[in-house]
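Have a look at the structure below, then the notes.
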Amino acid sequence: MKTLLLALFSLFLINLAIGQISYSIPEEMPKGSLVGNIAHDLGLNTKRFISGKAKIHTRNSLEYVKLNRERGLLFVKEKIDREALCTEVTVCSLDFQIILENPIEFYTVTVQITDVNDNAPTFEKSEMNFKISESATPGVEFVLERAEDNDVGINGVQKYELKPSDNFALKLHNNPNDKKNVEMVLQKPLDRETEEQINLVLTAIDGGDPQMSGTMLIVITVLDANDNAPRFTQKTYKAALTENSPIGTVVATVTASDADQGSYGKITYSITSTQANVKKIFEIKEENGEVSLIGNIDFEKNKLIEIIIGATDDGGLTDSCKLIIEVQDINDNKPEISIMSKSNVISEDAVVNTVVTVINIEDNDSGENGKVKCFFTENMPFVLKMSANNFYSLVTDNELDRETYSEYNITVICSDEGVPSLSSSVTLTLQISDVNDNTPVFERSSYEAYIVENNTPGVSIFTVKATDNDWNQNARVSYILEDSSVNGVPVSSYVSVSADSGVIHAVRSFDYEQIKDFHFRVRAQDGGSPPLSSNVTVKILIQDQNDNPPQVLYPVQTGGSMVAEMVPRSADVGYLVTKVVAVDVDSGQNAWLSYKLQKASYRALFEVGLQIGEIRTIRQVTDKDAVKQRLTVIVEDNGQPSRSATVIVNVAVADSFPEVLSEFTDFPHNKEYNDNLTFYLVLALAVVSFLFITCLVVIISVKIYRWRQSRILYHSSLPVIPYYPPRYSDTLGTGTLPHVYNYEVCRTTDSRKSDCKFGGAGSQNMLIMDPSTTGTMQRLNKNYPSGQRAALSFSYRHC
Ligand SMILES: *[C@@H]1O[C@H](CO)[C@@H](O)[C@H](O)[C@H]1NC(C)=O
Ligand SMILES: *[C@@H]1O[C@H](CO)[C@@H](O)[C@H](O)[C@H]1NC(C)=O
Ligand SMILES: *[C@@H]1O[C@H](CO)[C@@H](O)[C@H](O)[C@H]1NC(C)=O
């Protein structure tokens, strides 16, 4: 094949060898390879070559080609390396001359050496290193080293290839022979985080046949850029925290990561919430994301706290997450009681179910901790009713009575159901207002009062008092005297009642001897509206006063009378001379009379019975005793002070009337007066005797009539109306009268010794003092007619 090619070349060159001859041979022909048939090409025969001693002349001594004169052929003497011979000269040729002698002939031969692809493209360095930041933007160009190929032309570097071509593309210049370097253009951003180092192979390929190539390794170190923001592991974190947790409690830890390296990957945590209070309550550790409590956490203020946490790397990239803290309630709030409406005063006649107070309960805790129940402990006529939404109303559930309880202190306790339970209480003071529901009540069901007669008008006798359990005006009692009449006279003329004080005043002076007692009603009325009233009976008893002196009925004291009792000189000891009869209109002790001799004309002859007033002799009459005896008898009642009366009793101690007369005429009066006196005396005696007898007859007939009447009464056992003089109970006390005085005055004329006798039940004129009933005196026939007394006194004269 080589030979064929040479032949072709030779054929071609012959035509050109007119002036000069050119040959073209590829480089690297082995030694002895034929270059061309020069003899032929010069039109010379080989004999000429021999004769002409043809030889090759070169300027430089190095001979690549040798001439075979005998055959007229040119051969390769030395292996020709075009690259060594011509380096980069594109047309590489050897120029030499063939010189012939005899005649000298001069031929220029040019042997053109054609390139053979015997060199592969080569890179100066086997490796190129680049450090490219991952933040480099596409389009950035990086200059690469060119590959060198000693071959020329088509055998030179024809193209480059870069593999893998993910991130970079090659940019070649139009003229591949241009010395400009190949450039690598970033097509797609780099990411250190996916590929920290990229190895590319740049291949240079020539156009020879066979193709040859050279490679270079391009090592790209991707430099980190802060292209990664920190990333939280969760977008939302959740944590729970009980309220009132101590400061320092770690609530949660958030974590973020950053794919960048170094400071770009260093994360700083911070709370970025805009809520100011969140920053006061929580803090986060910059370096590890630990969130801890630095303030007080109150469920009642924040049930759910949202904290925004940011993570920042040193390159300034950030991420944020949310930390949701659920605050858990603990029972730290007391129920709060507020009084919505309240009446301080309620009327005692308020109906059952009257609302007194409405209270509202608030407990800021939630759940069981905020569930509140209210109650009160005391047993009171109220009940707490729960209405909706923590409202309680306190209503009455029973009737109220101000008079029993005028004030209630109701302590309402409200406690929640937390564990432990918290409670609070409120005390409501409720006044019960009065209603006029109580009538005045007298202290006693009836009153009895005493007043001593002869009182001064206007004196206060007694006080009645009524009380009213109501209050104030409803309890202000006024006393009113009820109209009635006593013995036909309005009671108001006897007594008056002070409306305010209940003091009963006597309006007039009372006389026991006229009225002994009376009664009336006093009404007590309160000031309510309408008023209530009650009444009471008051009995006034008038007490006797010793205001009447005894009255001597016998002997009758007439101015000039010379009445004398006759005592015979032969009278025995104990002879009854006469009896002084006196009465006292007072009663009781005030009427209890005693008799005493004040002064006797002869001391030892007479005595007076202390109680009965009988004058008796106490010794035999002697001659020495004067005819005329004058006895002064003092009749005294037992009142305090006692009152008394004196009576003078003339006693004539004589056996005959003339003696008496003579004696009495000797009285120190003039005779004429005495004569007249005697005359009048006798006349009076006669008249009186007549009158007496007449009276006696009338009285006896009346008496007999009455006696028969009283017998009937007696047998019909009519009750005897008792009379209790009040003074007795006072003055006698326990003192009792030792005897029963049954005291009868006889009316016989002939019995001198036994005309007065004791005893005699059924007697009409009787004063009984019964010792069995203390201070009780029964008096019968109290209205002893004075006429009858007079009659009695006369009867004594005839005893
Ligand atoms: C309960 O909360 C209300 C507002 O929410 C506040 O006004 C009140 O003072 C709180 N009560 C207590 C006892 O903390
Ligand atoms: C109610 O309380 C007040 C003051 O606390 C007290 O003066 C009053 O006596 C109390 N009343 C009753 C009925 O306990
Ligand atoms: C007095 O009281 C009695 C009951 O105690 C009553 O029956 C009577 O009607 C009252 N009299 C007057 C005048 O009020």
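Note that the sequence shown covers residues -19 to -1, 1 to 780 in mature numbering (1 follows the signal peptide of the UniProt record, and there is no 0).
All C-beta atoms, glycine included, are put in the ideal place defined by N, C-alpha and C.
- Message: In the DSSP assignment, the alpha helix (DSSP H) including ASP22 goes from what residue to what residue?
- Response: Its alpha helix (DSSP H) spans residues 19 to 23.
- Residues with a Cβ closer than 6 Å to any heavy atom of ligand 2, in chain order? That query returns the following residues: GLU388, ASN390, THR410.
- Query: Just the Cα atoms here: how many angstroms apart are THR559 and GLU546?
  - Reply: If you draw a straight line from the Cα of THR559 to the Cα of GLU546, it comes to about 7 Å.
- Task: Could you tell me if the beta carbon of ASN419 falls within a distance shorter than 7 Å of some heavy atom in ligand 3?
- Result: No - ligand 3 has no heavy atom lying nearer than 7 Å to the Cβ of ASN419.
- Residue environment, ARG600, which counts as buried when at least 16 other CB atoms sit within 10 Å: Exposed, because fewer than 16 other Cβ atoms sit within 10 Å of the Cβ of ARG600.
- Could you have a look at PHE123 and say whether DSSP puts it in helix, strand or coil? Note: PHE123 maps to strand in three-state DSSP.
- Tell me whether ARG29 is buried or exposed, calling it buried when 16 or more other Cβ atoms sit within 10 Å of its Cβ. With 16 or more other Cβ atoms inside 10 Å of its own Cβ, ARG29 counts as buried.
- Sorted by chain position, which residues of the same chain lie with C-beta nearer than 6 Å to GLN1's C-beta, five sequence neighbours on each side aside? Cβ neighbours of GLN1 beyond the five flanking positions: THR89.
- Exposure label - GLN610; buried when at least 16 CB within 10 Å: Buried, by the Cβ-count rule.
- Beta carbon of ASP239, beta carbon of ASN209: below 8 Å? For ASP239 and ASN209, yes; Cβs fall inside 8 Å.
- Query: What whole-angstrom Cβ distance do ILE311 and ILE342 have, given they're in contact under 8 Å?
  - Reply: Actually they are not in contact, since the Cβ atoms of ILE311 and ILE342 sit about 19 Å apart, beyond 8 Å.
- Query: Just to check, is the beta-carbon of ARG383 closer than 7 Å to a non-hydrogen atom of ligand 3?
  - Reply: Flag unset: Cβ of ARG383 not near ligand 3.
- Message: Tell me the residue span of the beta strand (DSSP E) that contains GLU64.
- Response: Boundaries around GLU64 are those of the alpha helix (DSSP H), 63 to 67, since no beta strand (DSSP E) includes it.
- Touching or not, the segment 109 to 117 and the segment 197 to 206, by the rule of three or more beta carbon pairs under 8 Å? Taking 8 Å as the limit for Cβ pairs, the verdict is that the segment 197 to 206 does touch the segment 109 to 117.
- Excluding the 5 residues preceding and the 5 following LYS261 in the sequence, name in chain order all residues of the same chain whose CB lies nearer than 8 Å to its CB. Excluding positions up to five away in sequence, the list reads ILE275, GLY276.
- Query: What residues in its chain sit with their C-beta under 6 Å from that of SER251, if we drop five residues either side in the sequence?
  - Reply: Cβ-Cβ distances below 6 Å link SER251 to GLY291 in the same chain, with the five nearest sequence neighbours on each side left out; the list follows chain order.
- Message: I need the DSSP call for PHE372, collapsed to helix, strand or coil.
- Response: In the three-state scheme derived from DSSP, where H, G and I count as helix and E and B as strand, PHE372 is classed as strand.
- Three-state secondary structure (DSSP) of ASN49: When DSSP states are grouped into helix, strand and coil, ASN49 belongs to the strand group.
- Item | ARG504 Cβ short of 7 Å to ligand 3 heavy atom set | ARG504 Cβ: within cutoff of ligand 3.
- Item | Where the beta strand (DSSP E) containing ARG504 begins and where it ends | Start and end: 498 to 506.
- For LEU664, does the three-state DSSP call read helix, strand or coil? Reduced to three states, the DSSP call for LEU664 is helix.
- Compare the C-alpha of MET361 against each of TYR386, ILE340, PHE111, GLY195 and name the closest. When only C-alpha atoms are compared, the closest one is TYR386.
- Query: Does the beta carbon of SER427 fall short of 7 Å from some heavy atom of ligand 3?
  - Reply: Every heavy atom of ligand 3 is 7 Å or more from the Cβ of SER427, so no.
- ARG502 to THR444 span [Cα, whole Å]: Here the C-alpha atom of ARG502 lies approximately 13 Å from the C-alpha atom of THR444.
- Nonlocal neighbours in the same chain, by C-beta distance under 6 Å from ILE31, ignoring five residues either side: Exclusion of the five residues before and after ILE31 leaves ARG50 as the residues of its chain whose Cβ lies within less than 6 Å of its Cβ.
- Task: Report the three-state DSSP secondary structure of LYS684 (helix, strand or coil).
- Result: Of the three classes helix, strand and coil, the one that applies to LYS684 here is helix, per DSSP.
- Item | ALA430: first and last residue of the uninterrupted beta strand (DSSP E) it sits in | Unbroken beta strand (DSSP E) run through ALA430: 427 to 433.
- Have a look at ARG489 and ARG425 and give me their C-alpha separation to the nearest angstrom. Roughly 26 Å separates the two Cα atoms.
- Message: Between THR420, VAL353, GLU434, TYR218, which has its C-alpha nearest PRO401's C-alpha?
- Response: The shortest Cα separation from PRO401 among THR420, VAL353, GLU434, TYR218 belongs to VAL353.
- Task: Give the secondary structure of VAL133 by DSSP, where H, G and I count as helix, E and B as strand, and everything else as coil.
- Result: Coil.
- Whether MET10 touches PHE104 by CB criterion (8 Å): Contact flag unset, no.
- Item | Spatial neighbours of THR217 in its chain, beta-carbon cut-off 6 Å, leaving aside the 5 residues before and after | The residues are LYS303.
- Item | Validate contact between the segment 124 to 144 and the segment 74 to 88 using beta carbons, cut 8 Å, 3 pairs | By the C-beta criterion, the segment 124 to 144 is judged not to be in contact with the segment 74 to 88, since fewer than 3 inter-stretch pairs fall below 8 Å.
- Message: Can you tell me whether THR253 is helix, strand or coil according to DSSP?
- Response: Coil, per DSSP.
- Task: Label ARG689 either buried or exposed according to how many other C-beta atoms from any shown protein chain fall within 10 Å of its C-beta, with 16 as the threshold for buried.
- Result: Classified as exposed, ARG689 has fewer than 16 neighbouring CB atoms from the shown chains inside 10 Å of its CB.
- Query: So GLU434 and ILE523 are in contact, right, with Cβ under 8 Å, and what is the actual spacing, rounded?
  - Reply: The C-beta distance from GLU434 to ILE523 rounds to 5 Å, short enough to meet the 8 Å contact threshold.
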